[in-house]
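Novice: One structure, pasted below without further comment.
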Amino acid sequence: MSVIEYDVIIIGAGVAGLTAGAYLAGRGFRVALVTKGEPTACLSTGGIDVCSYNDNPLLGIKELPSDHPFHLVDEKIIRESLDNFQTAMNEMDMPYKGSAEKNRFILSALGTFKTSCLVPSTMEAAAQDAKESIHIITFKGLKDFYPGYIISRRKNAKFSIYDAGVSSTMGIASHFEEREFLEKFLLWLEKQNIYQDKIAFPAVLGLESATKITDTIAILTGKPVFEIPTLPPSMPGRRLFNALKKYFRKKGGEIYWGWPVIGVEKSEKIIEAVITSSKGRPNSLNGKAFILATGSFVGGGLTATREAIIENVFNLPVHVPGPRETWFDNDYFSLNHGIGRAGIIADSSLRPAGTPMENVFVCGGILANTEILKNGCGHGLALATAHLAAKSCMEYIR
Ligand SMILES: Cc1cc2nc3c(=O)[nH]c(=O)nc-3n(C[C@H](O)[C@H](O)[C@H](O)COP(=O)(O)OP(=O)(O)OC[C@H]3O[C@@H](n4cnc5c(N)ncnc54)[C@H](O)[C@@H]3O)c2cc1C
């Protein structure tokens with residue numbers, strides 16, 4: 002078994018893990034991040050939801066139930082985490098627009114509005130009410146995007162179809178990165194005589210150059226242009242993940258990709274190492290401190306069995322929201338599923354409660370009582386708690 006030494010080991014490559022990792026690596030710590038795979042960010046719209054309870058997300062946080070983990074994070078740290086995120090994304094040529102004090106809408110692929118706080122610049126011009134007239138450009142055979150749904154909800158919308166020669170989200174996005182394809186598309190677009198106020202596209206305008214491509218189309222047409230997130234897999238979510246990953250590496254962090262944690266070495270109060278499986282042999286990654294950012298059920302941090310809910314890496318005590326029958330609701334969209342409260346309860350340093358472990362910190366979707374869907378607080382909570390966990394970890398090591 003190979004043994005590798007670091008200051009901090011992060012487990013999980015989601016918004017939380019990559020953010021905590023970049024924070025620490027940027028301050029000179031030797032940081033390794035181990036992950037078994039992609040995060041839930043790749044399924045998301047790419048928008049940073051902070052709290053949908055109120056027009057002003059920071060006021061919304063104050064209205065959340067008292068056991069919500071957002072209350073563990075000082076408002077100063079929440080603001081700092083969102084500012085740092087916007088700075089990082091600017092550095093990665095993927096600017097995010099918006100402010101912590103104002104929610105805005107993202108137009109969904111179904112023609113409904115979703116509340117978010119910070120949005121990729123490619124969604125900045127998104128229609129904010131049903132009165133704005135939009136022309137949607139869609140692509141022949143594209144699944145995961147149905148302009149018909151949008152038109153049925155919005156009288157002021159029309160759509161045209163372009164044949165990109167491929168029909169997958171990823172395939173069209175890769176084509177947009179090619180100059181020849183873009184030029185041919187722009188020639189076609191010029192001939193469409195679009196009279197609506199704004200032009201909308203499914204989110205396929207490039208893999209990494211989406212900002213540039215959106216701006217080019219806006220200049221050519223003289224109209225505001227925006228992307229509409231498709232059903233998963235979502236390009237804006239994937240761009241977000243890729244940008245955070247690059248930023249973490251730029252700060253000096255190292256990623257062990259496809260290395261699920263399968264065991265730990267520990268003494269009474271200290272985790273000494275995580276054992277990971279890779280290329281058929283185990284590796285031991287030793288660290289002074291560990292940040293658990295493995296997400297909730299979708300991310301793989303928690304597993305529900307008939308008897309219990311289990312935390313899969315350190316076997317930490319899990320807060321279970323009442324008996325099993327209270328985990329569910331007959332109505333899928335009710336947002337009142339008790340299971341949304343399951344997770345790890347943490348103290349004000351984000352150390353897990355109910356365990357003597359001194360050098361473990363927890364952040365992101367694995368925390369208890371988040372009710373992420375109901376409270377509209379996904380990536381925003383991940384950013385804020387990642388900052389707090391990284392700060393606590395830094396104080397502990399020093
Ligand atoms: C379908 C969907 C859409 C969403 N849309 C939005 C949105 O538009 N805006 C928004 O703000 N929020 C959205 N959310 C919520 C948001 O994605 C999450 O709340 C947030 O990103 C959680 O991030 P995380 O870093 O805590 O965990 P995750 O993103 O879940 O990442 C967990 C990571 O841990 C790794 N991992 C798990 N177990 C192990 C192990 N044993 N060993 C090693 N690695 C492991 C996983 O591979 C993964 O990389 C959405 C969620 C879902 C499910």
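The numbering used here numbers the first residue of the sequence shown as 2 and each following residue consecutively.
Where is the CB? At the ideal position from N, CA and C, for every residue including glycine.
Being a predicted model, the structure only gives us computed values, none of them experimental.
Below 6 Å, is the gap between the Cβ of V32 and the nearest heavy atom of ligand 1?
Specialist: no
Novice: Between G22, S297, T356, which lies nearest to K252 when the distance is taken from Cα to Cα?
Specialist: G22
Novice: So does the stretch 65 to 73 actually touch the stretch 245 to 264, counting three or more Cβ pairs closer than 8 Å?
Specialist: The stretch 65 to 73 vs the stretch 245 to 264: no contact.
Novice: For the alpha helix (DSSP H) holding N376, just list the boundary residues, first then last.
Specialist: 373 to 376
Novice: Taking 8 Å as the threshold, find out whether the stretch 216 to 233 comes into contact with the stretch 198 to 206 through three or more Cβ pairs.
Specialist: Segments in contact, yes.
Novice: Is I345 buried or exposed, if buried means 16 or more other CB atoms sit within 10 Å of its CB?
Specialist: buried
Novice: Report, in whole angstroms, the separation of the C-beta atoms of G296 and G13, which I expect to be a contact under 8 Å.
Specialist: Approximately 6 Å separates the beta-carbon atoms of G296 and G13; this is inside 8 Å, confirming the contact.
Novice: Spell out a yes or no on whether the stretch 117 to 131 and the stretch 40 to 55 are touching, meaning 3 or more CB-CB pairs, one atom from each, closer than 8 Å.
Specialist: yes
Novice: Examine ligand 1 and report whether any of its heavy atoms sits within less than 6 Å of the Cβ of N376.
Specialist: no
Novice: Less than 7 Å between the C-beta atoms of A385 and V74, yes or no?
Specialist: Taking 7 Å as the cut-off, the Cβ atoms of A385 and V74 count as close.
Novice: Do K103 and ligand 3 come close, with the Cβ less than 6 Å from some heavy atom?
Specialist: With respect to small molecules bound, the structure shown includes ligand 1 and not ligand 3.
Novice: Please state if the CB of A17 and the CB of A369 are separated by a distance shorter than 7 Å.
Specialist: no
Novice: Using the three-state DSSP reduction, which class does R239 fall into: helix, strand or coil?
Specialist: helix
Novice: Can you give me the start and stop residues for the alpha helix (DSSP H) that S161 sits inside?
Specialist: It is not in any alpha helix (DSSP H) - S161 instead sits in the beta strand (DSSP E) that spans 158 to 163.
Novice: Can you tell me whether A212 is buried or exposed, with buried defined as 16 or more other CB within 10 angstroms of its CB?
Specialist: Correcting the residue identity first, residue 212 is Thr in this sequence and not Ala. Classification for T212: buried.
Novice: List, from N- to C-terminal side, the beta strand (DSSP E) runs of 3 residues or more that fit wholly inside the stretch 152 to 221.
Specialist: 158 to 163, 199 to 203
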